[in-house]
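Here the protein sequences come in this chain order: A and B. Anchor point for the first sequence: position 6 equals 6 in my numbering, and the numbering is continuous, going up by one each time. Anchor point for the second sequence: position 295 equals 706 in my numbering, and the numbering is continuous, going up by one each time. For every residue, glycine included, the Cβ atom is placed at its ideal position computed from N, Cα and C. As the structure is a prediction and not an experimental result, all values here were calculated from the model. Notes for the one structure printed next.
Protein chains: 2
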Amino acid sequence: MQATGIIVEYNPFHNGHLYHLHETRKLTGADVVVAVMSGNFLQRGEPALLPKEERTKMALAAGVDLVIELPYAFATQQADVFANGAISLLHALFVQDICFGSESGSIEEFHTLLEKKATHQHTLQQIIKAKMKEGISYPTALSFALEQLSTNGVDVSLPNNILGMHYIEAIRQQQSSIVPRTIQRHGSNYHDETFQHNIASATSVRKTLLTNDLSLSSIEQVIPTATANLLDSYISSHGIIHHWEHYFSSLKYALLTRTKEELASIYEAEEGLENRLLAHITEASSFTSFMEAIKTKRYTWTRLQRLCLHILTNTTKKQMAQAHQEKLVPYIRILGMNQQGQRYLSLMKKKIELPLLANTKAFSHPLLELDKKASAVYTSIHPEPIRSAMLKRELTLHPIRYNEIEKAFSH
Amino acid sequence: MQATGIIVEYNPFHNGHLYHLHETRKLTGADVVVAVMSGNFLQRGEPALLPKEERTKMALAAGVDLVIELPYAFATQQADVFANGAISLLHALFVQDICFGSESGSIEEFHTLLEKKATHQHTLQQIIKAKMKEGISYPTALSFALEQLSTNGVDVSLPNNILGMHYIEAIRQQQSSIVPRTIQRHGSNYHDETFQHNIASATSVRKTLLTNDLSLSSIEQVIPTATANLLDSYISSHGIIHHWEHYFSSLKYALLTRTKEELASIYEAEEGLENRLLAHITEASSFTSFMEAIKTKRYTWTRLQRLCLHILTNTTKKQMAQAHQEKLVPYIRILGMNQQGQRYLSLMKKKIELPLLANTKAFSHPLLELDKKASAVYTSIHPEPIRSAMLKRELTLHPIRYNEIEKAFSH
Numbered sequence: 001m002q003a004t005g006i007i008v009e010y011n012p013f014h015n016g017h018l019y020h021l022h023e024t025r026k027l028t029g030a031d032v033v034v035a036v037m038s039g040n041f042l043q044r045g046e047p048a049l050l051p052k053e054e055r056t057k058m059a060l061a062a063g064v065d066l067v068i069e070l071p072y073a074f075a076t077q078q079a080d081v082f083a084n085g086a087i088s089l090l091h092a093l094f095v096q097d098i099c100f101g102s103e104s105g106s107i108e109e110f111h112t113l114l115e116k117k118a119t120h121q122h123t124l125q126q127i128i129k130a131k132m133k134e135g136i137s138y139p140t141a142l143s144f145a146l147e148q149l150s151t152n153g154v155d156v157s158l159p160n161n162i163l164g165m166h167y168i169e170a171i172r173q174q175q176s177s178i179v180p181r182t183i184q185r186h187g188s189n190y191h192d193e194t195f196q197h198n199i200a201s202a203t204s205v206r207k208t209l210l211t212n213d214l215s216l217s218s219i220e221q222v223i224p225t226a227t228a229n230l231l232d233s234y235i236s237s238h239g240i241i242h243h244w245e246h247y248f249s250s251l252k253y254a255l256l257t258r259t260k261e262e263l264a265s266i267y268e269a270e271e272g273l274e275n276r277l278l279a280h281i282t283e284a285s286s287f288t289s290f291m292e293a294i295k296t297k298r299y300t301w302t303r304l305q306r307l308c309l310h311i312l313t314n315t316t317k318k319q320m321a322q323a324h325q326e327k328l329v330p331y332i333r334i335l336g337m338n339q340q341g342q343r344y345l346s347l348m349k350k351k352i353e354l355p356l357l358a359n360t361k362a363f364s365h366p367l368l369e370l371d372k373k374a375s376a377v378y379t380s381i382h383p384e385p386i387r388s389a390m391l392k393r394e395l396t397l398h399p400i401r402y403n404e405i406e407k408a409f410s411h
Numbered sequence: 412m413q414a415t416g417i418i419v420e421y422n423p424f425h426n427g428h429l430y431h432l433h434e435t436r437k438l439t440g441a442d443v444v445v446a447v448m449s450g451n452f453l454q455r456g457e458p459a460l461l462p463k464e465e466r467t468k469m470a471l472a473a474g475v476d477l478v479i480e481l482p483y484a485f486a487t488q489q490a491d492v493f494a495n496g497a498i499s500l501l502h503a504l505f506v507q508d509i510c511f512g513s514e515s516g517s518i519e520e521f522h523t524l525l526e527k528k529a530t531h532q533h534t535l536q537q538i539i540k541a542k543m544k545e546g547i548s549y550p551t552a553l554s555f556a557l558e559q560l561s562t563n564g565v566d567v568s569l570p571n572n573i574l575g576m577h578y579i580e581a582i583r584q585q586q587s588s589i590v591p592r593t594i595q596r597h598g599s600n601y602h603d604e605t606f607q608h609n610i611a612s613a614t615s616v617r618k619t620l621l622t623n624d625l626s627l628s629s630i631e632q633v634i635p636t637a638t639a640n641l642l643d644s645y646i647s648s649h650g651i652i653h654h655w656e657h658y659f660s661s662l663k664y665a666l667l668t669r670t671k672e673e674l675a676s677i678y679e680a681e682e683g684l685e686n687r688l689l690a691h692i693t694e695a696s697s698f699t700s701f702m703e704a705i706k707t708k709r710y711t712w713t714r715l716q717r718l719c720l721h722i723l724t725n726t727t728k729k730q731m732a733q734a735h736q737e738k739l740v741p742y743i744r745i746l747g748m749n750q751q752g753q754r755y756l757s758l759m760k761k762k763i764e765l766p767l768l769a770n771t772k773a774f775s776h777p778l779l780e781l782d783k784k785a786s787a788v789y790t791s792i793h794p795e796p797i798r799s800a801m802l803k804r805e806l807t808l809h810p811i812r813y814n815e816i817e818k819a820f821s822h
């Protein structure tokens, strides 16, 4: 069986993702598509709008065969760590290739960029160093440096292209035989916030939903029916989609009950950043106003948002180091599958060396402990007894089976 | 000027307190009554129903001349530490006597009890040890042991009497010349929850208010008009009186985001108690049900409630030790005064050795840091921007002057 891997957040699953999925099958002829998906918190250091369970259902409804969780300790990191974790899971699952979206759709451009990067490693480091001395953040400095190399090639100012580059780098570093492929993104630019045709970016889908009082009619033209049904059901029963503002009260509580020393032990609290946060938190009355107050040229919104997330989940440098002790993800947490995904797992069971986790109860690892904490935090904004029930469900959740939920997806 | 000290929580100020205040003046002929009052969190490890600012106004309205804050690190402790902190403040303020309520109103009985206690120290310790081996908590074991000594004397099963005993012990330990006096409590037993005449216990006042949807008419016969006005104003603008259930969401969040090691470092987390809490928190959907689940013969409600409070405020053993480095309270935080109180302070200014704090901004001490944290936690249950405004106000609050607020108290 030919398996292809994709790396996703599905926040939420929309028509652009559907297009990517179909084009991936077309390009690779895959019998099985395996998606590695972030859990409840995402790469930019923010909560997913719906729990991983709901986003898994969206993926299965659209035809993804197997959904695997990218743990918190990889999912909420800058591109290199994120890519490393995702690729390690796909490698462990013996996918033959991966397929990611890029602006040009040309994998050659990526290979060329990486060759140049290897050749000019020293110059690159010098440019990055100089830029950071000017007070520019690392990701921006890296983009700037790569831009000097990538004239007429990959547009390295685009986050998706940067991720793609890191996927290929991770494959090489892990000496994996996975073949990287790319397809051209369609319809909308990443930063484009207005809908064009029936494809929009996830950012614009969320924004439109939030500015339209969670009315699904505002986004129904750019999401599949299953996504609409799942969003509708969650919003009806919980009244919200998850958003940083919902967690601001707890973030403020967390900041104001910890000493500077405790805050300095948090992952990503570097260069006295904790003092900057403490100086502004007492008077901040919203997450947005807090972020506006603390952000600088050096510390981007995303960088600070990740720090806030690690404060919220109380993830220390020590805990993160323990979680990364094997460098790669040492287990496979299955979030969902259809019959094809299940067949693939049965077939590969003997070859797969990592433990396959059906739920988080029976297994223990510092990496998984962080995911349990993330679940506790993610569900904490709901009133009781919903909060307790959701947390318990999440901790004991067995993989979603497509046939069990088929009904929910009927259109 | 003759000054008398009283030690209070005023949760809320009621007719029994008014009676105590009048009887105190009658007994001692005091020119000035100085009240040492717990801040936002109380001896039983629970939030005061209104902030210290409002309770200070209640005290001033009733005729207390000077209100001093008993810091968190003393106010939320068992009777001996609580008494030690309160007496040290009154000693530093040169009061000549203190006057506390007791069931019998006989100070002789207390002296007799303490003499017996000193004589039978060894036997007492043996009884306590034996009882604790049976799984009985320390306070209960102490009461039991004292009961053996105190036949026909102080009823040591009553918390107020135990406190009184500790006040006298603290005076002796601190070699203070303060004269202890006592007046008989009137009208209602401490545990009595039904109203008799126009005096009721604070416990029954709170309970009645809560079970009657915060309707003030349910308690107006047992509280002064000023208390009613202040309660009315707070409830009108905030919709609540503070209660542990409001903090349960944050307690659960705090418990679920900390490791066992972090929890074990919290003050009062002894003998693996943190494991007991962790075993029950995920499924607990209210503070009451959580407490019911964790309490045992050995660990009383109060003992566990205090532990929960220190978890909520993230108060570690180390921080508590630093706060107690001088054993006594090393500063005087003035919460409020009338003209008479102000005159007394002016008169004594040169004699008083401890710094007099008008607000918490200018001074720094580990003890005060805990109070700032307590303020941040106490105000955290309000929505923004009220939360930020309340916290800022509390941290910068200058002493309440009686004349400024006279209007609020007019009946």
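Item: With H, G and I counted as helix, E and B as strand and the rest as coil, what does DSSP make of Y190 of chain A?; Value: Low local confidence applies: a pLDDT of 47 at Y190 of chain A is under 50, so the model's placement there is unreliable, and no value is given.
Item: When you compare each of A:I241, A:S201 and A:E169 to N212 of chain A by their alpha carbons, which one comes out closest?; Value: A:I241
Item: Can you tell me which of the three DSSP states V565 of chain B falls into?; Value: coil
Item: Does any residue of chain A bring its CB to less than 8 Å from the CB of Y664 of chain B?; Value: yes
Item: Please list the segments of the alpha helix (DSSP H) lying wholly inside the segment 507 to 533 of chain B, counting only runs of 4 or more residues, in order along the chain.; Value: 518 to 530
Item: So, A824 of chain B versus E685 of chain B, is the Cβ gap smaller than 8 Å?; Value: Residue coverage of chain B in this structure runs from 412 to 822, which leaves residue 824 of chain B outside it and unanswerable.
Item: Under a three-way DSSP split, which group does R69 of chain A fall into?; Value: The question names Arg, yet the displayed sequence has Glu at residue 69 of chain A. E69 of chain A: strand per DSSP, three-state reduction.
Item: Taking 8 Å as the CB-CB limit, is T415 of chain B close to chain A?; Value: no
Item: With a cut-off of 8 Å, does the C-beta of A141 of chain A fall near any C-beta of chain B?; Value: no
Item: Give the interface partners of N725 of chain B over in chain A, defined as CB-CB distance under 7 Å, in chain order.; Value: T257 and R258
Item: Of all the options B:L778, B:E673, B:L500 and B:Q537, which has the alpha carbon lying nearest to the alpha carbon of T316 of chain A?; Value: B:E673
Item: How would you call N640 of chain B, buried or exposed, if buried means at least 16 neighbouring beta carbons within 10 angstroms?; Value: buried
Item: Measuring CB to CB, does T439 of chain B end up less than 8 Å from D508 of chain B?; Value: yes
Item: With DSSP as the reference, label S696 of chain B as helix, strand or coil.; Value: coil
Item: Less than 8 Å between the CB atoms is what I'm expecting for K803 of chain B and E283 of chain A, so what's the real figure, rounded?; Value: 7 Å
Item: State the beta-bridge partners of A414 of chain B as determined by DSSP.; Value: B:V443
Item: When you compare the CB of K784 of chain B with every CB in chain A, is at least one pair closer than 8 Å?; Value: yes
Item: Within the continuous beta strand (DSSP E) that includes R181 of chain A, where are the two ends?; Value: V179 to Q184
Item: Along the chain, where does the beta strand (DSSP E) containing G747 of chain B start, and where does it finish?; Value: I743 to M748
Item: Could you tell me which residues DSSP puts in a beta bridge with R401 of chain A?; Value: A:M337
Item: Mind pulling the chain A residues with CB within less than 7 Å of L778 of chain B?; Value: Neighbours of L778 of chain B on chain A: none; closest Cβ ~14 Å, over 7 Å.
Item: Cα separation between F41 of chain A and C99 of chain A?; Value: 23 Å
Item: Excluding the 5 residues flanking S561 of chain B on each side, which residues of the same chain have their C-beta closer than 6 Å to its C-beta?; Value: L524 and V567
Item: Should L309 of chain A be flagged as near chain B, meaning a C-beta pair shorter than 8 Å?; Value: no
Item: Let me check understanding here. Comparing Cα to Cα, which of B:N770, B:R754 and B:Q716 lies closest to W655 of chain B?; Value: B:Q716
Item: Can you tell me where the alpha helix (DSSP H) holding S250 of chain A begins and where it ends?; Value: W244 to L256
Item: Can you list, in chain order, the residues of its chain with a C-beta nearer than 6 Å to that of Y331 of chain A? Leave out the 5 residues immediately preceding and following it.; Value: L354, P355 and L357
Item: When the Cα atoms are used, what is the spatial distance from P591 of chain B to A441 of chain B?; Value: 14 Å
Item: Here's the rule: buried if 16 or more other CB atoms are within 10 angstroms of the residue's CB, otherwise exposed. What is T288 of chain A?; Value: exposed
Item: Are three or more beta carbon pairs between the segment 659 to 678 of chain B and the segment 461 to 476 of chain B nearer than 8 Å?; Value: no
Item: Quick check on the burial criterion: 16 or more other C-beta atoms within 10 angstroms. Buried or exposed for K52 of chain A?; Value: buried
Item: Name the chain A residues whose beta carbon is nearer than 8 Å to that of Y796 of chain B?; Value: Correcting the residue identity first, residue 796 of chain B is Pro in this sequence and not Tyr. In chain order: S285.
Item: If you check the beta carbons only, do K708 of chain B and I547 of chain B fall under 8 Å apart?; Value: yes
Item: With a threshold of 8 Å between beta-carbons, can A376 of chain A be considered close to chain B, or not?; Value: yes
Item: Thinking R185 of chain A and E103 of chain A are a contact (beta carbons under 8 Å), I'd like their distance in whole angstroms, please.; Value: 6 Å
Item: Which first and last residues belong to the alpha helix (DSSP H) in which I547 of chain B is found?; Value: Counting along the chain, I547 of chain B falls outside any alpha helix (DSSP H), and DSSP gives it neither H nor E.
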